[in-house]
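Take a look at the structure set out below.
Protein chains in written order, with UniProt numbering: chain A, 1 to 603; chain B, 1 to 603.
Rendered as structure tokens:
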């Protein structure tokens with residue numbers, strides 16, 4: 001065994017030689033960003049090595065590291081196989097105070113939560129009537145209890161110090177009992193688990209209001225940036241499934257704790273957590289294997305709603321607390337999308353509504369006056385600012401607006417701070433601008449410096465750089481640090497745009513409709529406030545002609561989860577709706593490849 | 001903080017001064033026998049102290065310690081309040097290979113277990129029919145699944161590597177799925193948790209046979225010898241309830257593991273554990289507070305049967321495993337007694353049958369041609385050889401037979417070993433002999449040495465000793481070590497006999513019957529093989545005239561648990577029977593005190 005020292009944490013671990021440094025660090029419990037899941041192509045698992053017997057950097061590493069970094073001893077941990085004692089500095093800093101889009105439009109619904117309370121005066125056994133407390137209670141309220149764990153009995157053993165008790169019901173099933181009158185304290189939590197972000201809202205079930213919301217980066221991100229890398233992580237890594245479940249449950253518990261502390265609420269008074277998420281996130285939350293989702297025929301183990309004890313996955317709410325996983329359709333159309341269909345009222349509309357959830361996957365539902373068809377496409381993480389050379393989340397320092405003028409480049413930065421990188425809406429606006437200002441060709445190719453000079457656009461020409469035959473356009477420069485958009489970045493967005501817009505056209509075609517038949521386009525997901533509709537139409541994701549029919553409904557996955565907490569009727573409706581959504585597999589469409597290629601080009 | 005060293009284990013603990021040594025040791029996780037629960041009167045929590053700043057032994061300690069022991073530094077840990085560093089040697093040795101009475105008469109029943117299996121050929125989702133594995137399965141078998149935890153889905157995610165799968169049903173509910181054909185592997189475990197002993201039987205549910213049985217001392221015994229001291233322990237000790245639950249669950253798991261290892265069975269193929277136990281043991285098993293049982297009106301939190309996931313209390317059987325707690329009547333008539341009523345066929349008999357379970361409590365049911373009345377009395381642990389000065393369990397070295405002749409004392413010792421103490425049946429036979437040979441008076445008073453000499457019984461007179469005005473009769477002597485029966489021991493047995501026989505007469509009276517109406521007496525509990533019926537009648541627990549109507553059915557609590565595993569009909573019958581047993585509270589009987597006093601005297 002050799003010793004691994006974490007320089008900036010003053011921690012020492014024993015490790016067994018033979019594994020790569022990323023695995024060693026992750027096995028030791030350290031969090032290292034590794035979006036590609038350790039496969040060596042994301043270049044994010046950088047660490048600085050002060051001491052240790054190492055091989056020279058591999059060619060693959062050299063692609064991702066600057067000379068300055070190499071000089072400092074910075075390496076990609078997935079390529080390093082340390083021998084003997086080693087001292088490592090972790091470079092990853094947590095994205096603190098990250099705010100995901102947590103709010104959104106919520107339809108009016110009647111308050112009718114499945115969880116409710118009733119205050120009773122306790123009867124007690126006597127010497128003459130020497131039956132159990134359980135039987136006395138059953139007789140006096142005339143209802144069955146709802147077991148399968150011992151929490152109710154544990155509580156029952158302790159409520160008799162007070163005269164009154166409060167019963168907790170799940171629908172008509174008695175699930176809990178509390179000493180005294182606790183009727184005023186009745187809370188639920190709505191959770192959206194996105195591949196990238198987690199949003200938790202605390203809901204007062206007595207008045208049907210959202211009290212507060214907390215958001216966080218999905219901590220599973222450290223083990224794989226997208227759904228497929230996490231499925232791969234589960235497959236490759238012993239205990240990988242357990243690990244991914246643990247970090248997401250811990251994350252939700254910690255957000256709940258924050259919410260309760262800040263709002264002076266006892267976490268024991270949260271009785272239900274409802275969760276909207278895509279199929280993979282839902283499987284990981286429940287600790288269910290994801291292997292079948294990762295390969296053809298891409299079937300889930302489960303898709304429909306799940307009613308469980310919150311305790312069974314380690315959620316630290318009330319001891320009687322329930323967990324409700326919203327109903328999904330398939331591995332492609334998860335509960336998050338069904339939630340969106342409810343929030344957007346797709347079933348009961350008299351219009352033709354096109355719902356698109358833009359994330360790492362683009363999922364869409366087209367409602368033709370209430371008849372629903374869906375499809376799904378792999379957009380990649382580019383539109384979320386990931387897999388983009390200077391990409392970052394929509395946090396302070398992120399460039400969210402870019403305009404190219406003949407005088408140069410104008411930027412809008414979140415928090416008016418020094419620019420650090422470009423967020424999803426920024427990259428989309430930038431590409432739309434590059435297109436509009438004819439800095440790229442229809443094929444997406446960046447124009448050459450010489451081309452721009454020939455056109456007399458000398459200032460902008462100065463922004464074009466070419467290195468190792470790779471072209472990029474510089475957005476801003478500060479000393480050595482350059483923020484730029486590379487040809488590869490444009491390619492990433494182009495692929496996302498091609499995937500989404502070919503889905504868009506295909507689904508309209510599938511329903512026998514024309515673009516002009518669409519009355520409204522509803523955009524869900526992380527986009528919203530940050531994104532101009534002109535960026536969506538500007539890159540060609542949505543046709544120009546529909547620009548004024550675009551609406552944002554925000555995080556409809558979370559909104560759906562809130563609605564399920566507030567109304568058991570909505571819950572029922574959502575479960576039924578999940579059965580009504582037809583799925584259209586894009587790859588089976590005749591001429592899809594051709595359409596996709598056409599959609600890659602800029603208009 | 002000071003340091004506590006355990007000399008014979010080479011372990012060191014930090015401890016906070018101010019608590020007594022027994023508490024300190026138990027808090028550190030050490031097991032110290034303390035049958036009185038640390039109240040200072042059992043004298044069992046002896047430790048040897050090598051180093052430490054201590055007060056002198058208290059007067060109470062001096063009563064329990066010989067001069068030799070005091071010389072060696074032996075102390076009662078509940079009286080010692082150590083200051084500073086201390087070094088302690090633990091004197092308690094585990095009673096290894098202890099065998100409790102595990103077998104007994106089992107009625108013929110039809111094999112019809114609630115747990116059963118079915119082998120199917122798995123259908124699979126396709127790209128065209130992209131529904132979840134759960135839905136495919138549901139459709140192909142046309143049954144509902146039975147959730148509330150995620151174990152089924154976890155298993156479902158892993159069975160698709162084989163073509164066949166085996167479904168596990170609990171009645172008509174699908175609870176589990178296993179890869180391949182596992183139909184041959186279908187086991188259950190029947191458990192009897194006695195206050196003193198634990199018995200676990202492994203049952204093959206396919207053929208309805210007991211494979212093997214393991215027994216153990218109930219490890220809760222270290223925290224209190226009888227039910228009341230354990231209830232008190234739970235009340236006094238933070239985490240006491242958790243601790244008592246943990247040790248009994250660990251004990252059952254370890255017995256199950258032994259059984260499986262010895263019989264080459266995978267513990268994952270045990271699908272149900274059924275448990276017979278008194279009310280307090282059942283509460284502790286499920287981790288339910290026992291405070292209400294300990295004080296008037298002595299009500300349980302629950303008495304009726306419980307169907308739970310085995311996992312919910314930490315039983316390490318199949319991930320889908322169930323736990324069935326047999327139905328009881330009240331805090332006095334637990335599931336162990338209802339089991340006895342089924343085994344003794346009390347409901348369907350055409351005779352008048354008197355069922356007595358002799359343990360720390362004496363519970364009885366009288367069946368008047370199928371009409372059932374019950375009562376319960378506190379016999380104390382004397383008849384189990386506890387609370388007796390030289391008492392011990394029925395293990396090697398225990399005196400199980402004693403005869404007094406004019407030439408001296410004849411002994412039968414278990415395992416033909418050097419005598420170490422007297423077990424329950426031995427003490428009962430000894431008292432019966434003392435009575436028969438007129439060595440005691442009707443009041444139970446041991447005759448004086450002078451009285452016996454006057455009667456010309458010189459050899460026996462030599463056996464009578466008087467010390468500090470306390471009389472005893474010496475059974476055997478080896479150097480300094482004396483095994484004797486003290487006046488106090490006789491008193492303990494007398495109280496037990498008084499309690500049981502007054503209950504016996506009261507119940508007959510309550511049912512409007514005479515002793516001669518009794519066709520049969522059924523004795524359940526630890527007694528059986530070891531105990532002569534003449535001892536029961538000799539001390540007057542059972543009237544002499546019924547001597548030839550006494551039958552032993554052995555451990556009927558375990559037998560009842562076995563029957564519940566083998567037949568869901570028996571299970572149903574037992575649940576119904578629990579409602580049919582009338583309970584007669586002895587203390588409400590007119591003239592009970594007088595009857596009890598009368599029953600104390602020897603005939």
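Glycine included, C-beta positions come from ideal geometry on N, C-alpha and C.
- Between residue 302/A and residue 296/B the beta-carbon gap is near 51 Å, outside 8 Å, which marks them as no contact.
- Assignment of beta-bridge partners to residue 441/B by DSSP yields no partner.
- In the DSSP secondary-structure assignment, residue 403/A is bridged to 410/A.
- Against residue 147/A, the close residues of chain B are 306, 307, 308, in the order they occur along the chain (beta-carbon pairs closer than 8 Å).
- With distances taken between CA atoms, residue 90/B lies nearest to 46/B out of 474/B, 556/B, 46/B.
- Taking 8 Å as the cut-off between beta carbons, the residues of the stretch 555–587 of chain A near chain B are 583, 585, in sequence order.
- DSSP links residue 354/B through a beta bridge to 366/B, 521/B.
- The C-alpha of residue 254/B lies about 14 Å from the C-alpha of residue 193/B.
- Here residue 393/A carries a coil assignment [DSSP, helix/strand/coil].
- Against chain A, a Cβ distance below 8 Å from residue 289/B picks out 154, 157, 158.
- By the C-beta criterion, the stretch 261–271 of chain A is judged not to be in contact with the stretch 62–77 of chain A, since fewer than 3 inter-stretch pairs fall below 8 Å.
- Contact between residue 550/B and residue 566/B does not hold, since their C-beta atoms are separated by about 28 Å, which reaches or exceeds 8 Å.
- The criterion of a C-beta distance shorter than 8 Å is not satisfied by residue 232/A and residue 195/A.
- The DSSP assignment places 164–170, 173–179, 187–193, 197–204, 209–217 as complete runs of the beta strand (DSSP E) inside the stretch 155–219 of chain A, in order along the chain (cut-off: 3 residues).
- Of the residues 545/A, 524/A, 525/A, the one whose Cα lies closest to the Cα of residue 518/A is 545/A.
- For residue 121/B, there is no enclosing alpha helix (DSSP H); the residue is found in the beta strand (DSSP E) stretching over 115–121.
- Under the three-state reduction of DSSP output, residue 430/A falls in the helix class.
- Look at residue 26/A here: in three-state DSSP terms it is helix.
- Collapsing the DSSP output to three states places residue 547/B in a helix.
- Between residue 40/A and residue 60/A, the C-beta gap is smaller than 8 Å, which places the two residues in contact.
- If you draw a straight line from the Cα of residue 329/A to the Cα of residue 578/A, it is about 5 Å long.
- For residue 471/B, the secondary structure class from DSSP, reduced to helix, strand or coil, is strand.
- Classified as buried, residue 501/B has 16 or more neighbouring CB atoms from the shown chains inside 10 Å of its CB.
- Among the CB atoms of chain B, none fall inside 8 Å of the CB of residue 233/A.
- Spanning the alpha carbons of residue 218/A and residue 191/A requires a straight line of approximately 12 Å.
- Annotated as proximal: residue 435/A and residue 602/A, with beta-carbon spacing under 8 Å.
- With a cut-off of 8 Å on Cβ pairs, the stretch 435–455 of chain A is in contact with the stretch 482–497 of chain A, counting three or more such pairs.
- At a cut-off of 8 Å between beta-carbon atoms, residue 312/A makes contact with chain B.
- Note on the stretch 559–585 of chain B: whole alpha helix (DSSP H) runs with a minimum of 4 residues are 568–580, in chain order.
- Considering only beta carbons, the part of the stretch 274–288 of chain B lying closer than 7 Å to chain A consists of 286, 287, 288, in chain order.
- In terms of CA proximity to residue 164/A, 181/A leads the group 13/A, 181/A, 149/A.
- Interface criterion not met: the Cβ of residue 227/B is under 8 Å from no Cβ in chain A.
- Close to residue 191/A, with beta-carbon spacing below 7 Å, lies no residue of chain B; the smallest spacing is near 17 Å.
- Taking residue 406/B as the centre and dropping the five residues before and after it, the same chain places the C-beta of 457, 459, 460 closer than 8 Å to its C-beta, in chain order.
- With a threshold of 8 Å between beta carbons, residue 296/B makes contact with chain A.
- Residue nearest to residue 185/B within the set 167/B, 198/B, 200/B is 167/B (criterion: CA-CA distance).
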